[in-house]
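> The structure under discussion is supplied below as structure tokens; questions concerning it will follow.
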Amino acid sequence: MPRKKFGRNRKNRCRFCTREGCPRPAYVDYKDIGLLKKLCTNQSKMFSRKRSGNCAAFQRASSAAVKRARFMGLLPYVGE
93 MPRKKFGRNR KNRCRFCTRE GCPRPAYVDY KDIGLLKKLC TNQSKMFSRK
143 RSGNCAAFQR ASSAAVKRAR FMGLLPYVGE
């Protein structure tokens, strides 16, 4: 009996990019806490590009947004 291949054809897509491509300049709002929490683990570590599915430009922009939100006190540095 052949083995089933789960999720082989599914590719993670960048949640910020559109069908036309990656909008420039890449900007992620640091005040959007709901979105930034989805990009972090429960220990407040950032997900990798492979796990989050972001493109390189938006991964850099989202990491900068998380750092800004942590500095402003909107996100914790350490998990809850």
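Every letter in the sequence shown is one number past the one before it in the numbering used here, and letter 11, counting from 1, is 103. Where is the CB? At the ideal position from N, CA and C, for every residue including glycine. Small disclaimer: the values here were computed from a predicted structure and weren't measured.
With DSSP as the reference, label Met93 as helix, strand or coil.
In this structure, Met93 counts as coil in the three-state DSSP scheme.
> For the putative contact between Tyr122 and Ala157, defined by C-beta atoms under 8 Å, what is the C-beta separation to the nearest angstrom?
Yes, they are in contact, since the Cβ atoms of Tyr122 and Ala157 sit about 4 Å apart, within 8 Å.
> Short of 7 Å in beta carbon distance, which residues of its chain neighbour Met138, apart from the five on each side in sequence? Order them along the chain.
Cβ neighbours of Met138 beyond the five flanking positions: Leu131, Cys132, Ser155 and Val158.
> Secondary structure at Gly113, three-state DSSP: helix, strand or coil?
Strand at Gly113.
> Unbroken alpha helix (DSSP H) runs of length 4 or more, entirely within the segment 141-165: which are they?
Taking only runs of at least 4 residues, the alpha helix (DSSP H) segments lying wholly in the segment 141-165 are 141-144 and 148-164.
> At the level of alpha carbons, what is the spacing between Asn104 and Asn146?
The straight-line gap from Cα to Cα measures roughly 8 Å.
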